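Visitor: Pasting in a structure now, in structure tokens, and then I'll have a few things to ask.
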Amino acid sequence: MIDSSTLASLAGKHLVGPDSEKIGKIKDVYESTDGSGGTFATVTTGLFGGGASFFPLDAADLRGNDVVVPYSKSFIKDAPRVENDEELTAPEEQRLFEYYSLGGQQGATTTTSTDTVTTGAQGFARDDDRTDRVNEHGTVGHDTSGPTTDNAMTRSEEQLRVGTEKTEAGRARLRKYVTTETETRTVPVSREEVRVEREPITDANMPNAMSGPAISEEEHEVVLTEERPVVQKEAVPVERVRMDTDTVTEQATVTEEVRKEQIDMDGATETRGRDNV
């Protein structure tokens, strides 16, 4: 709800229509000079602050930094134009009432601003009770991209802030698996072989030589032995393996576009000071 206590703060706020349609920025507020009529304001709907149109505040609602009205942007742009933006005359007021279907209300000649303005005709006077029109530096200017400002313009620019953040670049893991290899070893093995030895009959071996028949057939068997390789396998621990990380620092180059406001002077006439006598 908008009342007399919030009128002075409306200038510069955004005007929003149905379905959050952006209409423009509120420029000036006009109060009924006798309190009997409604209250109007102007909104800039064109580029560079041009195209101010009147709209009523009776059905407006203040929501934060936005003023919400039930009118579309095209409807407000087609509202009747007013030649003198200092005040509304009775016929101009009546045309606005008829256009917005508000009825034939008319105001009188007093205003709620700190500097009373008396006009010679019935109508609306612009509310000049706005502290942003004059400051301690003197006469102010008007910024077409926003509300009324002082005689200085602020230039802003985007500055690049570069930092780092840690992100996951990948994962490493240890995996153990079994492979089979062929290993060859050489080991010494021995075996027994038969060798025939002949010795002559002597007095020492005579008894053994004469113990059998004089003439006979006979077999004598000798058991031979040999060594064969025997393989046994045993699992034994051979080493410990773990993962560790090292931090490597490299130089990375980033490129980004930044916006900078530039201020130029247009339409100025060079002034020269008088020489001192």
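Last residue of the sequence shown: number 277 in full-length UniProt numbering, and the count goes up by one each step with no gaps. All C-beta atoms in this analysis are idealised placements derived from N, C-alpha and C, irrespective of residue type, glycine included. Note that this is a predicted model, so its numbers are computed, not measured.
Am I right that K13 and N65 are in contact with their C-beta atoms under 8 Å? What's the rounded C-beta distance?
Guide: 6 Å
Visitor: Can you name the residues that DSSP bridges to I76?
Guide: The partner list for I76 (beta bridge, DSSP) is empty, contrary to what the question assumes.
Visitor: Roughly how many angstroms lie between the CA atoms of M265 and G24, to the nearest whole one?
Guide: 26 Å
Visitor: Give the single residue among P70, S5, F55 and P56 whose Cα lies nearest to the Cα of D19.
Guide: P70
Visitor: For G163, count the other beta carbons within 10 Å of its own beta carbon; 16 or more makes it buried, fewer makes it exposed. Which is it?
Guide: exposed
Visitor: Strictly by DSSP, which residues pair up with R63?
Guide: D66
Visitor: Whose CA, out of R171, D3 and P213, lies closest to the CA of T245?
Guide: R171
Visitor: Taking 8 Å as the threshold (C-beta atoms), are F55 and I76 in contact?
Guide: The answer is yes: Cβ separation under 8 Å.
Visitor: Tell me the rounded alpha-carbon separation between E257 and I2.
Guide: E257 and I2 have their C-alpha atoms spaced approximately 42 Å apart.
Visitor: Kindly indicate the opening and closing residues of the alpha helix (DSSP H) around P91.
Guide: A90 to Y99
Visitor: At a cut of 8 Å, does the segment 201 to 215 reach the segment 173 to 182 through at least three beta carbon pairs?
Guide: no
Visitor: Using 10 angstroms around the beta-carbon of V222, count the other beta-carbons present and answer buried if the total reaches 16, otherwise exposed.
Guide: With fewer than 16 Cβ atoms within 10 Å of its Cβ, V222 is classed as exposed.
Visitor: Which first and last residues belong to the beta strand (DSSP E) in which P213 is found?
Guide: Per DSSP, P213 belongs to no beta strand (DSSP E) and is neither H nor E.
Visitor: Can you name the start and end residues of the alpha helix (DSSP H) that A209 belongs to?
Guide: From DSSP, the alpha helix (DSSP H) with A209 extends over M206 to A209.
Visitor: So L102 and D61 are supposed to be a Cβ contact under 8 Å. How far apart are they, rounded?
Guide: Not really, about 16 Å apart at Cβ, beyond 8 Å.
Visitor: Please report how far the alpha carbon of A209 lies from the alpha carbon of S190, in whole angstroms.
Guide: 33 Å
Visitor: Among the candidates H220, P213 and P188, whose CA atom is the shortest distance from the CA of V196?
Guide: The option with the nearest alpha carbon to V196 is H220.
Visitor: Would you mind stating whether A52 and T42 have Cβ atoms separated by less than 8 Å?
Guide: yes
Visitor: Where does L10 fall in DSSP's three states?
Guide: coil
Visitor: Distance, Cα to Cα, E226 vs P213?
Guide: 35 Å
Visitor: Starting from P18, trace the beta strand (DSSP E) in both directions and tell me its first and last residue.
Guide: First-last for P18: undefined, no H or E at that position.
Visitor: If you draw a straight line from the C-alpha of E193 to the C-alpha of T180, how long is it?
Guide: In a straight line, the C-alpha of E193 is about 38 Å away from that of T180.
Visitor: Alpha carbons only, please: which of N151, V16, V29 and G17 is nearest the one belonging to L7?
Guide: Selected option, being the one with the closest Cα: V29.
Visitor: Using the three-state DSSP reduction, which class does Y71 fall into: helix, strand or coil?
Guide: Coil.
Visitor: Which one of G17, T167 and T45 has the shortest CA to CA distance from V67?
Guide: G17
Visitor: Please report the straight-line C-alpha distance between P80 and Q159, rounded to a whole angstrom.
Guide: Each residue's alpha carbon lies about 45 Å from the other.
Visitor: Quick check on DSSP: helix, strand or coil for Y30?
Guide: strand
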